[in-house]
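Working notes, structure below.
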Amino acid sequence: MSPKPRSGLGVFEGYHSAQVPATVRLNTNESPFPPPSYLLSRWSEAVQDLSLNRYPDRQATMLRQAIARFHKVEPEMVFVANGSNEVIQSILLAYGGSEAKAASFEPTYAMYETISRVTATRYVPIERGADLRIDASRLEPDLAAAAASLVFVCSPNNPTGMAEDPSLLSRLAADPERLVVVDEAYGQFSPQSMVPEVASRSNLVVVRTFSKVWSLAGMRIGYAIAPPEVAEVLWKVALPYHLDSSKQLLALYSLEYVSEMEERVAQLVAEREHMAQRLSDLPVEQWPSAANFILFRPRDRDAGRLWEQLVERGILVRDWSKWPRLENCLRVTIGTESENRAFLDALEELLA
Ligand code: PMP
Numbered sequence: 000m001s002p003k004p005r006s007g008l009g010v011f012e013g014y015h016s017a018q019v020p021a022t023v024r025l026n027t028n029e030s031p032f033p034p035p036s037y038l039l040s041r042w043s044e045a046v047q048d049l050s051l052n053r054y055p056d057r058q059a060t061m062l063r064q065a066i067a068r069f070h071k072v073e074p075e076m077v078f079v080a081n082g083s084n085e086v087i088q089s090i091l092l093a094y095g096g097s098e099a100k101a102a103s104f105e106p107t108y109a110m111y112e113t114i115s116r117v118t119a120t121r122y123v124p125i126e127r128g129a130d131l132r133i134d135a136s137r138l139e140p141d142l143a144a145a146a147a148s149l150v151f152v153c154s155p156n157n158p159t160g161m162a163e164d165p166s167l168l169s170r171l172a173a174d175p176e177r178l179v180v181v182d183e184a185y186g187q188f189s190p191q192s193m194v195p196e197v198a199s200r201s202n203l204v205v206v207r208t209f210s211k212v213w214s215l216a217g218m219r220i221g222y223a224i225a226p227p228e229v230a231e232v233l234w235k236v237a238l239p240y241h242l243d244s245s246k247q248l249l250a251l252y253s254l255e256y257v258s259e260m261e262e263r264v265a266q267l268v269a270e271r272e273h274m275a276q277r278l279s280d281l282p283v284e285q286w287p288s289a290a291n292f293i294l295f296r297p298r299d300r301d302a303g304r305l306w307e308q309l310v311e312r313g314i315l316v317r318d319w320s321k322w323p324r325l326e327n328c329l330r331v332t333i334g335t336e337s338e339n340r341a342f343l344d345a346l347e348e349l350l351a
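FYI, in numbering that gives the first Met the number 0 the residues of the sequence shown are 0 to 351.
Printed below as a string of structure tokens:
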């Protein structure tokens, strides 16, 4: 006999992404580049001077000001947490719960459903169209049927890679009583963003992360750009001093190297286009990506077996082949030129 967890967690499996040894890791959409060494030297020196016997700045004031400058918004519109997953959790703690319903467009990032469950929020899946985009012709009826007070949209969408039309996202936010959360974890790889719209709406939140472009997945830093009233509510559900002082400092310093980050984005976008080009010569179906990964489906081959054969060659991609609507699909993260080449050469050989 063991103590019983809260009801609703019974069938719950938690987050699943294989962590197996591999030399070429193209499975979790991180940046292939480490943070710049001059940034790390500057930070590690400054860490010596932090008063670690004291609690950190609870509201991460300087970091919020820097994020606000970066996005040209007010600091009151910025909420920061330990990764964008924690931002999503804070949103669901604040706006979900047993009396609320959250919806999203499936297939999409699994944590919207997972964190809904953890916060006792009912989750309503809305099916995407046949092309795996949000079905614009059904948007209003689907939303009415879902009757959700909270809607998550991932754009560009993980794992399909496609960005949604901004006018469709504006339609989602038409009802001021519905909180619309646009997850732009991959926003920097896409030419469009909903951040400029946040200031003119009371119900639109954009979520961003330092885990991808900023090369800081290991540090766990994410944030929301939200109307000030919403941001204030998010701070209420955050634990006191949840962001440690060394992390606040590293994120703050990172924001001083925007042009370096933009160069990395341009490099990864060029690599993505190259990858898409080479995939188009292979017997696979692929979806157009505005992110740092590509979803593809091998023709006449079992993707699960192909995944294993890639692992045997030291190459790890993400296996989506058992997911509804993504049958026989794999997703590859864009890595460095040599990692991408290793993956493409192995794939070409295996599909020959
Ligand atoms: N949103 C999306 C769409 C993601 O793909 C991820 C990372 N897999 C996250 C949020 C979470 O990122 P993090 O918690 O590292 O900021």
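Built from N, CA and C at the ideal position, the CB exists for glycine as well.
Source: prediction; values computed, not measured.
In chain order, the residues that have a beta carbon nearer than 6 Å to some heavy atom of the ligand PMP are Asn28, Gly82, Ser83, Asn84, Tyr108, Cys153, Asn157, Asp182, Ala184, Thr208, Ser210, Ala216, Gly221. When beta bridges are read from the DSSP output, glutamine 285 appears opposite Phe295. DSSP places lysine 100 within a strand segment (E or B) once states are collapsed to three. Within the DSSP bridge table, the entry for glycine 221 names Ala80, Thr208 as partners. A direct Cα-Cα distance of roughly 43 Å separates threonine 332 from methionine 0. Secondary structure at isoleucine 125: strand, using DSSP grouped into helix, strand and coil. The region 130-170 contains, as complete alpha helix (DSSP H) runs of 4+ residues, the segments 138-145 (chain order).
Residue pairing by DSSP places isoleucine 314 opposite Val23 in a beta bridge. In the three-state reduction of the DSSP assignment, glutamate 326 falls in the coil class, being assigned neither a helical nor a strand state. Rounded to the nearest angstrom, the gap between the Cα atoms of asparagine 28 and leucine 305 is 19 Å.
In the same chain as proline 158, and ignoring 5 residues on each side of it, the C-beta atoms closer than 6 Å to its own belong to Leu294, Trp319, Arg330, in chain order.
The C-alpha of valine 310 lies about 37 Å from the C-alpha of histidine 241. The Cβ atoms of leucine 203 and valine 179 lie closer than 7 Å to each other. The three-state secondary structure of glutamate 73, taken from DSSP, is coil. Where leucine 343 is concerned, there is no enclosing beta strand (DSSP E), although the alpha helix (DSSP H) around it starts and stops at 336-350.
Taking each of Lys100, Lys321, Gly313 in turn and checking the Cα distance to phenylalanine 342, the smallest one comes out for Gly313. Straight-line spacing of the CA atoms in proline 4 and leucine 238 works out to 22 Å. By the criterion of a C-beta distance shorter than 7 Å, isoleucine 133 is surrounded in its chain by Phe104, Arg127, Glu163, Leu167, once the five residues flanking it on both sides are discounted. DSSP places leucine 278 in the uninterrupted alpha helix (DSSP H) bounded by 257-279. Exposed is the label assigned to aspartate 301, since fewer than 16 other Cβ atoms lie within 10 Å of its Cβ.
DSSP lists Leu149 as the bridge partner or partners of leucine 178. In the structure shown, threonine 332 adopts extended strand secondary structure according to DSSP, grouped into three states. Per DSSP, the beta bridge partners of glutamate 105 are Glu126.
Sixteen is the threshold: since fewer than 16 other Cβ atoms of the shown chains lie within 10 Å of the Cβ of proline 190, the residue is exposed. Listed as beta-bridge partners of leucine 254 by DSSP are no residues whatsoever.
Per DSSP, reduced to three states, the secondary structure at leucine 91 is helical.
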